[in-house]
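Going by the UniProt record's numbering, 216 is the number at position 216 of the sequence shown; the sequence numbering is gapless. From the three backbone atoms N, C-alpha and C, an ideal C-beta is built for every residue, glycine too.
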Amino acid sequence: MAVPTLPPPKESNVDVLIVGAGPAGYMAALWLAKLGIKTKFIDKRSTKIFTGQADGLQPRVLEVFETFGFVDRAIKEVAVGYEACFYEPDETGRIRRVDKIPEGVPGISRFNGSVIHQGRIETWLSDAIEEFSGGALTVERPLAPESLEIESADSTSEYPVRVVLKRLPDDNASPEQFGHKVENGLYRQFEGDQINPVSSSQDDTEVLRAKYVLGCDGAHSWVRKQLGIEHKGETTDYVWGVLDIVPVTDFPDIRKRCSIHSKDGGSIMVIPRENGIVRLYIQLEGVANEADEATNVADDSTPSTATNGEKKKARVDRSKLTSEHILATAQNIFKPYSLEVAEMHWFTAYQIGQRVATHFQKDNRVFIAGDACHTHSPKAGQGMNVSMMDTFNLAWKIAYVVKGLAKPSILTTYEDERHTVAEDLIAYDLKLSRLFSSKPGEISTEEFRRVIDQGSAFTTGCTVDYGASLLMDKPADQPRDVPYCSPLATKLAIGMRLPDAKLVMQSDARPWFLNQQLPSTGQFRLLIFIGDYAQTPALKTQLSDIGAFLAESETALQKLRDDNVLQPLLIHASPQAKVEWDDFPIVFRPRDKRGVMNYWLILADTPSMHEITGDAYEKYGIDKGVGAAVLLRPDGYVTKITEPTVEGIKDIWKFLSRFLVALEPSTACTFSSNAFSTKSKSRDD
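Below you can see the structure in the form of structure tokens.
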């Protein structure tokens, strides 16, 4: 009897495959949907995360949400942090408040650090992805990669990465609760978040060929392991429990972020959350480890022996970790205050460890991001935030290369820029975790608060400073801890995000924050700070010359504008009484094919009749009698500063020609007027 021949597995091509629907994966999908990149987005879990996991949103991420158009949804729902309190034991052992400080750094951003559970954040991201992609891009569940191959460097294949995908049964892909009635994250912390092998038919298998693959699949990343990338670091003896509860308590600062050190019971961090929920991080004492023979498992985060020869810590026995045990520990630390629970939403426990991957990519074809690159304790509230900023950095670069707009060399800047951020994060978290886990007698209150104060700016996400590279015009030997500023803008650091300032729209006099006029569309921005041109003859001549140069049909701007790769904006500092709309060059007030004028490319740094404006030049350190030309990357980071002259603009073109295909002298690239869509529809909540 003849054996029936099985049909071959389904095969398809895609520009980008994203593995893992966590924060890093969602941010990558958001960018790629916005920029029109053909993407496949998969996750091995059959359900979304509705409770637990990460909960902090730092100011820089909220700024990014604003550029994508949905920060208003966050503002309506989040719990916002304004004050932080410190508690220490008195001579009788009773905890009492010893200090109160602002949370974060006042004035560093328009947004404060906020808290809401990860499920809501993923909902906002998912809704925006659906909008930007017209419903074409959604998470496909439950799908897991089974094999990954990258063709040799000399391959001419358009899709050089081959991935075999396997569809999983829903019951195999659902998180286990290990007998607990309350939802928890123990399976992620101590089980390794692994999928059990299952048999599959050809119908369950798909062969995917991709140009690029993003491994956003968590701390136990399958993609990272396939690439042979080490995850270096160590696990400590410190074990902490986490409770998400609606409390019943007489503790006076339960709705403020608090750091509590007790005399003998350990420490607690209090984080107020949305809808009356409070998250407690509780130091646990005397939690048993699993038997030695049980620790020899395929889990690269907590095996009994390290690959580099260092002895690692045994894994915590999760059977001893219950919400009741964690709550009892918290109640002891809170004494003399009472703590009961009206509602228990989620709990978990984790063993503190800090790790960072040695590399973030392989052959500039397969990349890892988020927890696949760096893991640490959650106390600084950085895990989800840094993860999203990893792919906010990477995805627009991939889009540029996929569309033929930029050379592949720009992809090398991802690892250079984000590995440094990961190292800084691990160093800070290591110091913070040791202080939190120490007893009051082992550290001074002053030392503890000093570390918190020193790290406040870092934890906002607003002080990331990218070094010199193909995309950053700054000295290669610039010290990492010293921002580099041009003499033309002495308070505007190249390599850092553009700080916000409030300006006045020239056309209708409405005040706007500059960040609100810089949505994430995939465009570079050329900000011409022309100064007080109306009362400075030399600047008036410069503005006229720049306008004429940019308006020439054969200039680089026309090529870049046709592709929505670069957008010029004019920001002047002349008194409104001295300015007329028709004075401005037509390149800053262009008309579309219908003859409708664009009124939104000219802003004024002058006083408004309704709000406080007029300090942007001072904030950026720009002389109103000199001005500056500032180039921003699509992710909002300052990349180059020149003088606001024709020669200065030509210098910017020369800089861009290092990586933009359109500016290569011999380019044969043709440009579509719809390379990047900048339109977006409004969305109701």
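If I'm right that residue i touches residue j with Cβ under 8 Å, what's the distance once you round it to whole angstroms?
| i | j | result |
| --- | --- | --- |
| R141 | R209 | In fact, because the Cβ distance is near 21 Å, the residues do not count as touching under 8 Å. |
| V223 | V366 | 7 Å |
| A628 | I641 | 6 Å |
| S221 | I368 | 6 Å |
| V115 | G22 | V115 to G22, Cβ: 18 Å. No contact. |
| V61 | I398 | Between I398 and V61 the Cβ distance is about 20 Å, and since that is not below 8 Å, they are no contact. |
| D605 | A616 | 4 Å |
| K166 | D204 | 6 Å |
| L137 | A33 | 5 Å |
| T358 | G266 | Not confirmed; about 34 Å, so no contact. |
| I108 | T460 | 5 Å |
Going by C-alpha to C-alpha distance, which of the options sits closest to residue i?
| i | options | result |
| --- | --- | --- |
| G495 | D416, D429 and K362 | D416 |
| L569 | L321, L631, G455 and K166 | L631 |
| F41 | D72, P89, G56 and A144 | A144 |
| K225 | E183, W653 and E149 | E149 |
| Q523 | K624, R561 and C85 | R561 |
| F347 | I277, Q354, V596 and N385 | I277 |
| T66 | G595, L518 and D237 | The residue you asked about is not Thr; residue 66 is Glu in the sequence shown. Nearest option by C-alpha distance: L518. |
| S262 | K335, Q535, Y238 and E343 | K335 |
| E103 | Y82, T123, I326 and S109 | Y82 |
| V246 | N112, G383 and M344 | M344 |
| E643 | I546, I586, D583 and Y599 | I546 |
| D481 | Q454, Y337, V401 and L503 | Q454 |
| L125 | R97, V98 and A74 | A74 |
| V587 | H610, V579, A476 and T555 | T555 |
| I333 | I652, C258 and Q535 | C258 |
| L327 | I352, R162 and W240 | W240 |
| L503 | T541, S608 and L557 | S608 |
| V64 | Y428, M597, F448 and R110 | R110 |
| A406 | V98, P634 and G135 | P634 |
| K100 | P475, R449, F584 and P537 | R449 |
Look at the alpha carbon of residue i and the alpha carbon of residue j, and state the distance between them as a whole number of angstroms.
| i | j | result |
| --- | --- | --- |
| residue 702 | M472 | Missing from the structure shown is residue 702; the chain here goes from 1 to 685 and no further. |
| K10 | V207 | 6 Å |
| K593 | D563 | 16 Å |
| residue 687 | F251 | Because the chain is modelled from 1 through 685, residue 687 falls outside the range shown and cannot be assessed. |
| A551 | I426 | 49 Å |
| V451 | L432 | 7 Å |
| A294 | D237 | Any reading at A294 needs caution, since the residue's pLDDT is 37, under 50, leaving its predicted position unreliable; the model's value is listed next. Cα to Cα, A294 sits roughly 17 Å from D237. |
| V270 | E618 | 39 Å |
| E191 | A342 | Because the pLDDT at E191 is just 46, under 50, the model does not fix this residue reliably, and the value given afterwards should be weighed accordingly. When rounded, the distance between both Cα atoms is 29 Å. |
| K654 | E647 | 10 Å |
| K559 | W396 | 19 Å |
| I612 | S338 | 46 Å |
| G404 | S147 | 28 Å |
| L527 | I571 | 7 Å |
| S438 | F659 | 49 Å |
| S456 | V105 | 6 Å |
| S152 | V163 | 15 Å |
| S12 | Y159 | 10 Å |
| A372 | R255 | 33 Å |
| A84 | V98 | 11 Å |
| R273 | V248 | 15 Å |
Would you list the residues sitting across from residue i in a DSSP beta bridge?
| i | result |
| --- | --- |
| Q567 | R525 |
| E88 | R96 |
| M597 | R591 |
| K640 | L631 |
| L235 | Checking the sequence, you will find Thr at residue 235 rather than Leu. Looking at the DSSP assignment, T235 forms a beta bridge with G353. |
| G531 | H572 |
| residue 689 | Any question about residue 689 goes unanswered here, given that the chain covers just 1 to 685. |
| Y484 | I494 |
| P247 | V341 |
| P511 | V504 |
| P378 | DSSP, once it has assigned bridges, lists no residue as partnering P378. |
| T348 | V242 |
| A604 | V504 and H572 |
| Q283 | W240 |
| H261 | S267 |
| S157 | The partner list for S157 (beta bridge, DSSP) is empty, contrary to what the question assumes. |
Is it the case that the CB of residue i approaches a heavy atom of the ligand ADP more closely than 7 Å?
| i | result |
| --- | --- |
| A144 | Only the bare structure without any ligand can be found here, which leaves the ligand ADP out of the picture. |
Should the region 638 to 655 be regarded as contacting the region 477 to 492, the criterion being three or more beta carbon pairs within less than 8 Å? yes
Validate contact between the region 124 to 139 and the region 83 to 103 using beta carbons, cut 8 Å, 3 pairs: no
Between the region 465 to 485 and the region 506 to 520, are three or more C-beta pairs nearer than 8 Å? Taking one beta carbon from each stretch, the region 465 to 485 and the region 506 to 520 have fewer than 3 pairs nearer than 8 Å; the two do not touch.
Decide if the region 23 to 41 is in contact with the region 376 to 392; the criterion is three or more beta carbon pairs, one per stretch, under 8 Å apart. yes
Please confirm if the region 151 to 171 is in contact with the region 67 to 87, defined as three or more CB-CB distances below 8 Å between the two stretches. Not touching, per the Cβ criterion.
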